Amino acid sequence: MDALNLMALETLAKRELSEMTWGYYYGGADDEVTLRRNRNAYQDIALRYRVLVDVSRRNLSTTVLGSELELPVLVAPTAFHKLAHLDGEVATARAATTAGTTMVLSTLSTTGVEEVVSAAERDIWFQLYVYRDRGATEALVQRVHAAGCKALVLTVDAPLLGRRERDIQTGFALPEGMGIENMLADGYARVDAAEGDSGLAAYFARLLDASLSWKDLDWLRSISPMPVLVKGIVRADDARRCQRGRRRNSDLAMALAGCPTIADISADLIASKLR
Ligand SMILES: Cc1cc2nc3c(=O)[nH]c(=O)nc-3n(C[C@H](O)[C@H](O)[C@H](O)COP(=O)(O)O)c2cc1C
1 MDALNLMALE TLAKRELSEM TWGYYYGGAD DEVTLRRNRN AYQDIALRYR
51 VLVDVSRRNL STTVLGSELE LPVLVAPTAF HKLAHLDGEV ATARAATTAG
101 TTMVLSTLST TGVEEVVSAA ERDIWFQLYV YRDRGATEAL VQRVHAAGCK
151 ALVLTVDAPL LGRRERDIQT GFALPEGMGI ENMLADGYAR VDAAEGDSGL
201 AAYFARLLDA SLSWKDLDWL RSISPMPVLV KGIVRADDAR RCQRGRRRNS
251 DLAMALAGCP TIADISADLI ASKLR
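No gaps in the numbering here: position 51 of the sequence shown is 51 in my numbering, and each next residue is one more.
Right under this line is the structure:
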């Protein structure tokens, strides 16, 4: 049976996945306090009703950075899809195509970017982690541009990772034969279990550039013609924008809020403030 909602999907996933994979997908850092707070924060947001507007026809489509979306929701970048299914990121790209939206492919993809772009019939954007080795980062950017990615999504909220205790407990590592396919050079392609630490956190600490700052955006723009979107919730406004759920939820919310098109949505619809 299809999952009725995301919570039900989570229950199904827990049943199907190994403890290691489940812990990685589900878990957060340390006592997972921020993870719980982030989830709860969505419940503090309410939308104002707006009635007596003709909402008999609604259009959820919009254009972002030149990519046409049939609904205002992107598939966020997440790492290591082959841990969940052998079709990995290719399956996600096909699903994004069916849903009418753009998938943001993670740097830490277990499928090469070329294969993912050719499996998708819609635009693919690429989520970038900047490595200390700027030469390797530049090579990655050139590769994803050559593959046909339409935009870069620069992650800025993970200069270092917290202590992922579930990963430490399960000894999280990529299984033999599975690697980070966009980073084939030695030392970049694997996430291995680390002594006393989460392997992923150790990977970030060893390889990623925690010194990244605004001036690096200019550098990124100078090495690639792709538009750059900065990823990481940096202001409450950004969080509010994220709250438009999936197609059905968005469609209903738009009808109840008296917004037949995306252009009708404005900040004054938000009835409550994030704490
Ligand atoms: C299992 C998992 C893997 C993730 N991998 C990445 C990643 O590789 N790159 C990235 O920028 N963000 C990654 N994220 C963060 C998500 O893109 C997203 O920003 C975050 O989950 C918050 O959105 P949510 O509230 O819808 O979960 C990951 C999140 C999860 C749960």
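Here a beta-carbon is modelled for each residue, glycine too, at the ideal position from N, C-alpha and C. These numbers were taken from a predicted model, which means no experiment stands behind them.
Check                                                                                                 : Outcome
Any residue whose CB is nearer than 5 Å to a heavy atom belonging to ligand 1, listed in chain order  : TYR25, ALA76, PRO77, THR78, ALA79, SER106, LEU108, GLN127 and THR155
Simplified DSSP assignment, three categories, for PHE126                                              : strand
ALA173 beta carbon less than 8 Å from that of VAL191                                                  : yes
Supposed close pair VAL113, ALA79 - CB separation, criterion 8 Å                                      : That pair is no contact at about 14 Å.
ASP167: CB within 7 Å of a non-hydrogen atom of ligand 2                                              : By its list of ligands, the structure shown excludes ligand 2, since it contains just ligand 1.
Beta-ladder partner(s) of THR78, from DSSP                                                            : Per DSSP, none; premise fails for THR78.
Segment contact, 8 Å Cβ cut-off, at least three pairs: the stretch 49 to 67 with the stretch 31 to 39 : no
Identified DSSP bridge partners for LEU208                                                            : TYR131
Straight-line gap, GLU278 to ALA185 (C-alpha atoms, nearest Å)                                        : Residue coverage of the chain in this structure runs from 1 to 275, which leaves residue 278 outside it and unanswerable.
DSSP bridge partner residues for SER67 (one or two, in chain order)                                   : VAL64
Contact between the stretch 250 to 269 and the stretch 40 to 59 (3+ Cβ pairs under 8 Å)               : yes
Run of the alpha helix (DSSP H) containing THR102, from where it starts to where it stops             : Per DSSP, THR102 belongs to no alpha helix (DSSP H) and is neither H nor E.
Through-space distance from THR102 to ARG134, alpha-carbon basis                                      : 27 Å
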